[in-house]
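Numbering (full-length UniProt numbering), first residue to last: 1 to 138. Cβ atoms here follow ideal geometry from the backbone N, Cα and C, with glycine treated the same way. Note that the coordinates shown come from a computational prediction; the quantities given were computed from them, not determined experimentally. This report concerns only the one structure given below.
Given below as structure tokens:
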């Protein structure tokens, strides 16, 4: 009987620690899939600060930390041939423009410390190529 209870509890524990994932796809205007994002769903109350990296043509863009306490850094590599690069932050709920800034290379710092906690959308426009990220301010 102890063996059965032990096996049952072991299986139950395995189900509790099993991570769940959500896969999100981004599509272009004609319906072609452009990007796949895997979101790890966890039950932990403590958010993990990470460096988000994305490749845009031959450039690598890093955004960190996310979630943030207020200061966000954006690094863009291979920036010698960039003509224009703007970084825009909008409120996710209202769509209100929070800040628009011309990028400085190699690192641009954005201050959200005077904004309320919540979700924001950061859009980076590099010579007409647009990428966006969801930023969490705690």
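Residue from 91, 124, 128 with nearest C-alpha to residue 54: Along the chain shown, read from residue 1 onward, the residue named residue 54 stands at position 54. Nearest option by C-alpha distance: 124.
Environment of residue 87 [buried if 16+ CB atoms lie within 10 Å]: Numbered from 1 along the chain shown, position 87 holds the residue referred to as residue 87. So residue 87 counts as buried.
Helix, strand or coil at residue 125 [DSSP, three-state]: For the purposes of this step, residue 125 is identified with residue 125 of the chain shown, where counting begins at 1. Three-state DSSP puts residue 125 in a strand.
Pairwise C-alpha distance: residue 90 and residue 96: Here the question's residue 96 lines up with position 96 in the chain shown. Here the question's residue 90 lines up with position 90 in the chain shown. Distance between the alpha carbons of residue 96 and residue 90: 5 Å.
Residues that residue 28 bridges to, as DSSP identifies them: Start at 1 with the first residue of the chain shown, and residue 28 comes out as number 28. Answer is none; residue 28 lacks a bridge partner.
Residue environment, residue 140, which counts as buried when at least 16 other CB atoms sit within 10 Å: Outside the shown range of the chain (1 to 138) lies residue 140, about which nothing can therefore be said.
Contact check, residue 127 vs residue 79, beta carbons under 7 Å: Here residue 127 refers to the residue found at position 127 of the chain shown. Here residue 79 refers to the residue found at position 79 of the chain shown. Cβ distance not < 7 Å, so residue 127 and residue 79 don't count as in contact.
DSSP three-state assignment for residue 82, whether helix, strand or coil: Counted from its first residue, the chain shown places residue 82 at position 82. Of the three classes helix, strand and coil, the one that applies to residue 82 here is coil, per DSSP.
Check whether residue 64 and residue 92 have beta carbons under 7 Å apart: For the purposes of this step, residue 64 is taken as the residue at position 64 of the chain shown. For the purposes of this step, residue 92 is taken as the residue at position 92 of the chain shown. The answer is no: Cβ separation not under 7 Å.
Pairwise C-alpha distance: residue 115 and residue 61: Within the chain shown, residue 61 is the residue found at index 61, counting from 1. Within the chain shown, residue 115 is the residue found at index 115, counting from 1. In a straight line, the C-alpha of residue 61 is about 24 Å away from that of residue 115.
Environment of residue 4 [buried if 16+ CB atoms lie within 10 Å]: Translated into the one-based positions of the chain shown, residue 4 becomes position 4. So residue 4 counts as exposed.
Whole-number beta carbon distance between residue 133 and residue 7, since they are thought to touch under 8 Å: For this step, residue 7 is matched to residue 7 along the chain shown. For this step, residue 133 is matched to residue 133 along the chain shown. That belief does not hold up - the Cβ atoms of residue 7 and residue 133 are roughly 44 Å apart, past 8 Å.
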